[in-house]
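For reference, the structure is listed below as structure tokens.
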Amino acid sequence: MTSLDTRLRDLRTRRKALVPYFIGGLTEDWTTYVSASILAGADVIEVGVPFSDPMMDGPVIQAGALRALGNAATLESICHELSAASFEVPIVVMTYYNVLHHFGLERSAELLAQSGVAGVIVPDLAIEELTPWRDVATAADVSSVLMVAPSSPDERVRRIGELSQGFVYAAARMAVTGQAADVGDASRVVGAVRAACDTPAYVGIGITTAEHAREAATIGDGVIVGSALVQRILDGASAQELEGAISTFRRALDQASSEA
Amino acid sequence: MTSLDTRLRDLRTRRKALVPYFIGGLTEDWTTYVSASILAGADVIEVGVPFSDPMMDGPVIQAGALRALGNAATLESICHELSAASFEVPIVVMTYYNVLHHFGLERSAELLAQSGVAGVIVPDLAIEELTPWRDVATAADVSSVLMVAPSSPDERVRRIGELSQGFVYAAARMAVTGQAADVGDASRVVGAVRAACDTPAYVGIGITTAEHAREAATIGDGVIVGSALVQRILDGASAQELEGAISTFRRALDQASSEA
Amino acid sequence: MSAVMGPPDAGGHFGTFGGRFVPEALMPACLELDAAFRDAWGDPDFVAEYHRTLREFGGRPTPVTYLGRLSERLGISVYAKREDLAHTGSHKINNVVGQALLTRRMGKTRVIAETGAGQHGVATATAAARLGLACTVYMGEVDTVRQALNVFRMELLGATVVPVTSGSRTLKDAVNEALREWVTCVADTHYCIGSVMGPHPFPWMVREFQSVIGVEAANQLREFGVTTPDFVVACVGGGSNAAGVFAGFADSSAQLIGVEAAGGSAVGLGMPGVLHGMRSLLLQDDHGQIEEAYSISAGLDYPGIGPEHAHLADLGRARYVAVGDDVVIEALQVLSQLEGIIPALETAHAVAWLLRAAGDEIPARSTVLLNLSGRGDKDVAQVRSILRGES
Amino acid sequence: MSAVMGPPDAGGHFGTFGGRFVPEALMPACLELDAAFRDAWGDPDFVAEYHRTLREFGGRPTPVTYLGRLSERLGISVYAKREDLAHTGSHKINNVVGQALLTRRMGKTRVIAETGAGQHGVATATAAARLGLACTVYMGEVDTVRQALNVFRMELLGATVVPVTSGSRTLKDAVNEALREWVTCVADTHYCIGSVMGPHPFPWMVREFQSVIGVEAANQLREFGVTTPDFVVACVGGGSNAAGVFAGFADSSAQLIGVEAAGGSAVGLGMPGVLHGMRSLLLQDDHGQIEEAYSISAGLDYPGIGPEHAHLADLGRARYVAVGDDVVIEALQVLSQLEGIIPALETAHAVAWLLRAAGDEIPARSTVLLNLSGRGDKDVAQVRSILRGES
Ligand SMILES: Cc1ncc(COP(=O)(O)O)c(C=O)c1O
Ligand SMILES: Cc1ncc(COP(=O)(O)O)c(C=O)c1O
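Protein chains in written order, with numbering that gives the first Met the number 0: chain A, 0 to 259; chain B, 0 to 259; chain C, 0 to 390; chain D, 0 to 390.
Encoded structure:
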């Protein structure tokens, strides 16, 4: 059991987890958006460390990553800012494997741990190539959060369930990050995760509106909202406006909890 | 013996033959140039009947032929004009085989004969394909004037000499019609003709100046001047100016005669 | 040796066509070439070197491809002889390799050639580079502008390209100019003519060098279980690819079909005449002046046809049909999309006839050999302009 | 089966390189593909159909040509494996034919592909047309403009070309986009990758499909009396033509030389990293961000190299060298003028190294096999602009 495992199992007993996604370094004051979202009821923060070639991301997050890279955002600079901000909710970093590989796996795990990062999602790291990273990360008490996709057969879901720490990222559809018109295959994917393990299952990929979030929350243990928020920031929303948006998502999730 | 044979053998006893070349239909008054040249001492007139694809002609005569075709010159129109003009010196038509072939060989021979044409030069008709035309032409007393080239081996020269009527066209160089800076291989070619037959040998291809003409006339029995005259007409020379030019050539040839 | 497509008579005649209509200055060269070709073609060493060069350098044998999807669409069985896969992208290489080897054998050190769109010029420059011969290519000035990339290609290969400014400044005039130039340099220079045209021995020699197409194809079809195709179809400009493939089937029961461009249909619209050293069928006006051909495809833009084709038409042994520019582009698209082969515009004429004739002149379930004479890379820019309505 | 270039481990690793670094969503497809390829490649019927298609449609075997005049100039013996004569003009067809047949065998009806200059896109569209598969090609927007004619070529072949507007809008981003799209359509669509790159089984599978080059060449060289060449030289973009030819000689004493573009030299300038599903050598900045490659030749404009090459470099079994844009144009001219073969700009890199190394790194009288990966027709306009100082 990692710290993240413990915290999120505890969270599950209380409410549906709201996980907004931010791109580290997208704006100079990006951590104020994080703080605002925590104020508005975010339970876990996913922080993207930008990579030049974000294979699992759609146009919105691609554009955001490019802007952040233009602002000279790096793994170190983002960790530095996270460290300084010292948020009280768990921080889960999302980045591509080359960023960690290049910095060094052990060095990365240590840096992330020291910066208060509880877990890491590496979308281009499926279980086949996971071990080296998961081993050093686990040693530093940094969780490896893994994805299950609609295409994952039951046997893979079982193995992913065994290996995923903190939560399982249940991809609602066969698509990269972006905005969609429904919750896709969330129900089937979460069902498979539930059948395979007891780890909390959070629904992500394409969750755009509060209504989707509510529906996804009736299915899973939490909801990840990415592009819909990044788009707002790219469009110039203030931290206060973002806080309002998060509050809306919060209410939708709480409604789902009360329905359950 | 054709009429042309007789006339030119007779001419040989008197002087070097001057053969200016004119393009039929080049200007509306082209026959006045012919008349002027006869006044100035031309012995034989070569009249080009234009063809779209004059393979044996250089740029000057090509340009002239194109202009004549633009003036709607045809075998018939040119014959008609020759007929009307009824020049006293022998007329030798120069044209490509397709013009005769298209009009019909017998029809062509008859038309030419009726128009007072004494001979025809068909530069793309070597001895190998000559017979059908030579037979019908001879029947109409139209001579077939053949060419000998610097590349012709002795055995060919012998056969050409046997077949050529009126005169043998001794090509001074391996080239198409045009203007050149010397008399080229005239001496060798005429020598070969003389060794092969008793037909008069006229030197042509590239004879540009009176001085060349004089030199060529010391070698052969006559001189053919084409591009140098056509160029003058294309440049807008009057019939009178042309008469002057021909006179110069005439004097050069007479000088050669007196030297011989 | 084929009985129907045997050698011409000693004077180079195929029936009443062919012959040698050239200035005396060129006759010795034509005679020398005739003797040299006869000698070489009877010399197993030369023949072996010709085949070896085509194999090791030219990419022969080219395959025969069964065009399954086109066949299904048309209700007939279509096999394609893939000259598009030969080096430089068409059958032209077969001929120039033969002539370049012969040039060397004759002790000459230079070749000249005419070219229209540039395909034969590129092929000649290629063979010349390979054999270390100097090379000059005559090309109508109009064509040097239209086909500027092919001019550059020839220059890359070390050839000199001379723009021809006489006459209509296109292919026909390039031939005239090459002949005129040949007169001046015939001692050390061979004129490498690009199709089954010109004075004897060219039409015969070029056909012999191209007959490798038909001979190969006949053997290859047998591997597909086809003893004799019902039809053999080829496009016809001068007629070299058609002559080459016909040669393999002239003595069989196959119907031989040559497809001309409607605007350059020497058989359909021409009359007997004499041009470029040969007696053949030619487009000409009432006075025997040669008319310009017009076709969307530069390689078919020739007002004549090889004399042996005129003879085969006379005999009724081959049939010549014509298709218009309008259906050619569509045929190019159909072959590209169904079979993954973008044909040359020239070749697309043969395809267009197939599309029109299948189920009609070509009875259902017939077996057809299509000579895929060249690839369309050279034509892609033009086709794009046309489809966009830019030209 | 080669010992040095054998199959990777079960996870697709060549030493420390290779592997499968893809989103979970794609893992099942990669596993399915691995199983399908293993099954197919062990099935004599599939292998026979692959070879038959390459023979009857793709123009194989391509010849080996002895480059006599170049050899004389350089004082070494150079043989060229003529992939320029394969259908669509390069070795790319070998791979796409294999993958297209595999697509059909897997019951999928559509392929997607990335392309840079358009060569792989054209090849994929070609194989798809031939087999009746739907085809979508992703191409950086910048490249769609630079290579507009290849876009049209793909469209002629019935493919849809999607301009990619993300990132640097070139090849690297086209791969990203193809992978992103593959996630959405993996059930009925195969991603037909264009080189020995990407997640396992692609690098292995593509090498296997390309190894026909080396296997053929080894046999053909023996016909020239060459048992083992001293050097085997190929240009390297992703590395598929090099892997294909190396596969025929990996267990011999031949020195294997991969020639990269100086501005895209993943071995010379890169570091280990993970991109496009594989661990390999990559151009990257101090923070692991991938850097753009730059080369005169679009086909070498890739910041990585296939993982097996990284491994061969590690082992010291192959050596990777780089040549700059400046000498590439000259090499293209030399080969054109001496041998009558205009090579692709990619291929000209390998030629440029020969010109530099002959008599030095390549001792006099050595025997060299040059993989002539493609023809230069696609590059002629660019070369002309460069030589005229226009770009
Ligand atoms: C591909 C192709 N096919 C056909 C032709 C026409 O020539 P021929 O009729 O001599 O085969 C050409 C001429 O350029 C050509 O390039
Ligand atoms: C002719 C040619 N050679 C080489 C390459 C480079 O690819 P690879 O390294 O995979 O052979 C390309 C790519 O487009 C190509 O077109």
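The beta carbon of each residue, even a glycine, is placed where N, CA and C say it ideally should be. Keep in mind the model is a prediction, meaning the values are calculated, not measured.
Note to self: Using a Cβ-Cβ distance cut-off of 9 Å, determine whether residue 346(D) contacts chain C.
What the structure shows: On the fourth sequence, position 347 is the one that residue 346(D) refers to. By this cut-off, residue 346(D) is not an interface position.
Check: Does any residue of chain C bring its CB to less than 9 Å from the CB of residue 20(B)?
Finding: Along the second sequence, read from residue 1 onward, the residue named residue 20(B) stands at position 21. No - not a single Cβ of chain C is within 9 Å of the one on residue 20(B).
Notebook entry, point to check: Can residue 185(C) and residue 149(C) be called in contact, C-beta distance under 9 Å?
Noted result: The count along the third sequence starts at 1 and reaches residue 185(C) at position 186. The count along the third sequence starts at 1 and reaches residue 149(C) at position 150. At a Cβ-Cβ threshold of 9 Å, residue 185(C) and residue 149(C) do not count as neighbours.
Item checked: residue 120(A) vs residue 91(A) beta-carbon contact at 9 Å -> Your numbering for residue 120(A) matches position 121 in the first sequence. Your numbering for residue 91(A) matches position 92 in the first sequence. Yes.
Check: Does the pairing of the segment 277–291 of chain C with the segment 321–337 of chain C give three or more beta-carbon distances under 8 Å?
Finding: These segments do not touch.
Notebook entry, point to check: Taking all protein chains shown into account, do 16 or more other C-beta atoms lie within 10 angstroms of the C-beta of residue 155(A), making it buried, or fewer, making it exposed?
Noted result: The count along the first sequence starts at 1 and reaches residue 155(A) at position 156. Taking every protein chain shown into account, the CB of residue 155(A) has 16 or more other CB atoms within 10 angstroms, so this residue is buried.
Checklist line | Proximity winner among 361(D), 62(D), 12(D) and 151(D), relative to residue 78(D) (alpha-carbon distances) | finding: Translated into the one-based positions of the fourth sequence, residue 78(D) becomes position 79. Per the Cα distances, 62(D).
Notebook entry, point to check: Is residue 233(C) closer than 9 Å to residue 245(C) when the C-beta atoms are compared?
Noted result: Start at 1 with the first residue of the third sequence, and residue 245(C) comes out as number 246. Start at 1 with the first residue of the third sequence, and residue 233(C) comes out as number 234. Yes, they are a contact pair.
Next item on the list: Could you tell me whether any non-hydrogen atom of ligand 1 is closer than 8 Å to the CB of residue 240(C)?
Entry: Counting from 1 along the third sequence, the entry for residue 240(C) is found at position 241. Yes - ligand 1 has a heavy atom lying nearer than 8 Å to the Cβ of residue 240(C).
Check: Of all the options 198(C), 93(C) and 161(C), which has the alpha carbon lying nearest to the alpha carbon of residue 33(C)?
Finding: Numbered from 1 along the third sequence, position 34 holds the residue referred to as residue 33(C). Answer by Cα proximity: 198(C).
Notebook entry, point to check: Do you know how far the Cα of residue 263(D) is from the Cα of residue 287(D)?
Noted result: If you number the fourth sequence from 1, residue 287(D) lands on position 288. If you number the fourth sequence from 1, residue 263(D) lands on position 264. For residue 287(D) and residue 263(D), the distance between alpha carbons rounds to 16 Å.
Next item on the list: Return helix, strand or coil for residue 80(C), following the three-state DSSP convention.
Entry: Here residue 80(C) corresponds to residue number 81 of the third sequence, with the count starting at 1. Strand at residue 80(C).
Next item on the list: For residue 195(D), count neighbouring C-beta atoms within 10 Å of its own C-beta (all shown protein chains included) and say buried if the count is 16 or more, exposed if not.
Entry: In the fourth sequence, the residue the question calls residue 195(D) occupies position 196. Residue burial is scored here from C-beta neighbours: residue 195(D) has at least 16 other C-beta atoms within 10 angstroms and is therefore classed as buried.
Note to self: When you compare the CB of residue 216(D) with every CB in chain C, is at least one pair closer than 9 Å?
What the structure shows: On the fourth sequence, residue 216(D) is found 217 positions in, with the first residue counted as 1. So, not an interface residue.
Checklist line | Proximity of residue 41(B) and residue 17(B) at Cβ, strictly below 9 Å | finding: Taking the first residue of the second sequence as position 1, residue 41(B) is located at position 42. Taking the first residue of the second sequence as position 1, residue 17(B) is located at position 18. In contact: residue 41(B) and residue 17(B) (Cβ atoms closer than 9 Å).
Margin query: So, with DSSP's three-state summary, where would you put residue 184(D)?
Written below: Along the fourth sequence, one-based indexing puts residue 184(D) at 185. Residue state, collapsed to three classes: helix.
Checklist line | chain C contacts from the segment 81–93 of chain D (Cβ-Cβ distance under 9 Å) | finding: Only 81, 83, 84, 85, 86, 87 and 88 from the segment 81–93 of chain D bring a Cβ to less than 9 Å from some Cβ of chain C.
Next item on the list: Evaluate contact between the segment 217–229 of chain A and the segment 193–203 of chain A, counting only Cβ atoms and requiring at least three cross-stretch pairs below 8 Å.
Entry: Yes: the two stretches touch, three or more of their Cβ pairs being nearer than 8 Å.
Item checked: Any non-hydrogen atom of ligand 2 closer than 8 Å to residue 89(D) Cβ -> Taking the fourth sequence and counting its residues from 1, the one referred to as residue 89(D) is at position 90. With a threshold of 8 Å, the Cβ atom of residue 89(D) counts as near ligand 2, since some heavy atom of the ligand is closer than that.
Check: What span of residues does the beta strand (DSSP E) with residue 21(B) cover, start to end?
Finding: The residue given as residue 21(B) occupies position 22 in the second sequence. Per DSSP, residue 21(B) belongs to the beta strand (DSSP E) from 16–22.
Checklist line | Helix, strand or coil at residue 71(A) according to DSSP, with G and I counted as helix | finding: Taking the first residue of the first sequence as 1, we reach residue 71(A) at position 72. The answer is coil: DSSP assigns residue 71(A) none of H, G, I, E or B.
Next item on the list: Answer yes or no: does any C-beta atom of chain C fall closer than 9 Å to that of residue 65(D)?
Entry: Position 66 of the fourth sequence, counting from 1, holds the residue named residue 65(D). Yes, residue 65(D) counts as interfacial toward chain C.
Check: Can you tell which of 134(C), 92(C) and 269(C) has its C-alpha closest to the C-alpha of residue 60(C)?
Finding: Residue mapping note: residue 60(C) aligns to position 61 of the third sequence, counting from 1. The residue from 134(C), 92(C) and 269(C) with its alpha-carbon nearest to that of residue 60(C) is 92(C).
Item checked: Within chain C, the residues that residue 378(D) reaches when beta carbons sit closer than 8 Å -> Locating residue 378(D) in the fourth sequence gives position 379, where the first residue counts as 1. Within 8 Å Cβ-Cβ: nothing; residue 378(D) doesn't reach chain C, min ~10 Å.
Next item on the list: Kindly indicate the opening and closing residues of the beta strand (DSSP E) around residue 424(D).
Entry: Because chain D in this structure spans residues 0 to 390, residue 424(D) falls outside the shown range and cannot be described.
Checklist line | Nonlocal neighbours in the same chain, by C-beta distance under 6 Å from residue 311(C), ignoring five residues either side | finding: Along the third sequence, read from residue 1 onward, the residue named residue 311(C) stands at position 312. Around residue 311(C): 317.
Margin query: For chain C, check one thing: does any of its Cβ atoms lie closer than 9 Å to the Cβ of residue 131(D)?
Written below: The residue given as residue 131(D) occupies position 132 in the fourth sequence. Yes, its Cβ sits closer than 9 Å to a Cβ of chain C.
Item checked: Secondary structure of residue 90(D), DSSP reduced to three states -> Here residue 90(D) corresponds to residue number 91 of the fourth sequence, with the count starting at 1. Residue 90(D): coil per DSSP, three-state reduction.
Check: Quick one: any contact between the segment 63–83 of chain A and the segment 252–261 of chain D, if contact means 3 or more CB pairs under 8 Å?
Finding: With a cut-off of 8 Å, the segment 252–261 of chain D and the segment 63–83 of chain A do not count as touching, because too few Cβ pairs lie within range.
Notebook entry, point to check: If you run the structure through DSSP and keep just helix, strand and coil, what is residue 282(D)?
Noted result: Counting from 1 along the fourth sequence, the entry for residue 282(D) is found at position 283. Annotated three-state conformation of residue 282(D) is coil, per DSSP.
Notebook entry, point to check: So residue 232(B) is in the alpha helix (DSSP H); what residue range does that whole segment cover?
Noted result: Numbered from its first residue, the second sequence carries residue 232(B) at position 233. For residue 232(B), the enclosing alpha helix (DSSP H) has its first and last residue at 226–233.
Next item on the list: Taking only heavy atoms of ligand 2 into account, decide whether any of them is closer than 8 Å to the Cβ of residue 146(D).
Entry: On the fourth sequence, residue 146(D) is found 147 positions in, with the first residue counted as 1. For residue 146(D), the shortest C-beta to heavy atom distance toward ligand 2 is 8 Å or greater.
Item checked: Alpha-carbon to alpha-carbon, residue 235(C) and residue 209(C) -> In the third sequence, counting from the first residue as 1, residue 209(C) sits at position 210. In the third sequence, counting from the first residue as 1, residue 235(C) sits at position 236. Residue 209(C) and residue 235(C): Cα-Cα distance of roughly 13 Å.
Checklist line | Interface residues of the segment 30–55 of chain B facing chain C [CB-CB below 9 Å] | finding: Answer in chain order: 49, 50, 51, 52, 53, 54 and 55.
Next item on the list: Measure from the alpha carbon of residue 138(B) to the alpha carbon of each residue in 161(B), 74(B) and 107(B), then state which is nearest.
Entry: In the second sequence, counting from the first residue as 1, residue 138(B) sits at position 139. Its Cα nearest to that of residue 138(B), the residue 107(B) stands out among 161(B), 74(B) and 107(B).
Next item on the list: Check each residue of the segment 103–130 of chain D: if its Cβ is closer than 7 Å to any Cβ of chain C, include it; give the result in chain order.
Entry: Correct list: 125, 126, 128 and 129.
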